[in-house]
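Have a look at the structure below, then the notes.
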Ligand SMILES: [Zn+2]
C-alpha cells in the first residue's frame, strides 16, 4: 500500500481536517493536516501524490499489486486512522507512507524513515523495522543523504504517528527530504527529481518483498 501524505483539498476544509480521530496508544490527533511546502509554494501534497504514482507505476510493472490511500490530489483526507485501516483491510504486505518535511532549522536537510516504536503488534516489530531499514539503505544507495537534524542514520523511532501506530501490517513512513532546504526543494519540484525519489522507494519495496 502506498500512502501519499495529506491531500490538495485539506487546506480549504479545516473543520473536516481538524476533527480528532484515534491515533493509537490512547491518543487522538487531527484527522489530517495540510502538510508543508517549498519556500516557492510547491506543496507537499502534490509532491507526495506524484511520487506515489511513480512508485506505483514501477511496482505494477514488476507485477506487484498496489493499493493507494487516495486516488487524486484534489480531495480531503482520508483521516490518518482511515489510511491505516485501508492498509489493514487490504492485508498489505508492506505499507509505505510518503511525505516531505518542512524544517526551518538552518541547514536542515536529508531524508529519514520513521517506524512505530515501541511496537504495538507483531507486524510493527521485526517486519516494520526491516522495511524501514530497507528503505533507509536503498535511499542511501540511491544517493540521498540521511537527515542531519532528526533521527539517527536516516531512521527515526516514533510513538506519535497515527498511521504507524494503527497499522497491523509492516509499515514505515519516508520523509523524502526537507522542502525548506533549497537544494532538496529544487529536486522535489522537478519531475526528474521526483522520479529519483520514486525509483529508490520502489526498489526498496521490491527488495523488502523479495527477502
Ligand atoms: Zn507530511
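In our numbering, the protein residues as written are 725 to 935. All C-beta atoms in this analysis are idealised placements derived from N, C-alpha and C, irrespective of residue type, glycine included.
Query: Start-end ranges of the beta strand (DSSP E) lying completely within the stretch 824-907, minimum 3 residues; Result: 836-840, 879-882, 895-902
Query: Residue burial classification, residue 893 (beta-carbon count within 10 angstroms, cutoff 16); Result: buried
Query: Cβ neighbour criterion (16 or more within 10 Å) applied to residue 878; Result: buried
Query: Residue burial classification, residue 738 (beta-carbon count within 10 angstroms, cutoff 16); Result: exposed
Query: Any 3 or more C-beta pairs closer than 8 Å across the stretch 783-802 and the stretch 727-734; Result: yes
Query: Proximity below 8 Å, CB of residue 782 to CB of residue 922; Result: yes
Query: At least 3 beta-carbon pairs within less than 8 Å: the stretch 890-905 vs the stretch 820-833; Result: yes
Query: Contact belief for residue 839 with residue 888 at Cβ below 8 Å, rounded distance in angstroms; Result: 6 Å
Query: Within 8 Å, strictly: CB atoms of residue 774 and residue 918; Result: yes
Query: Neighbouring residues (CB closer than 6 Å to any heavy atom of ligand 1); Result: 729, 730, 759, 768, 823
Query: Runs of beta strand (DSSP E) wholly within the stretch 725-755 (minimum 3 residues, chain order); Result: 726-728, 744-748, 751-754
Query: Alpha helix (DSSP H) segment containing residue 804, residue limits; Result: 804-813
Query: Helix, strand or coil at residue 820 [DSSP, three-state]; Result: strand
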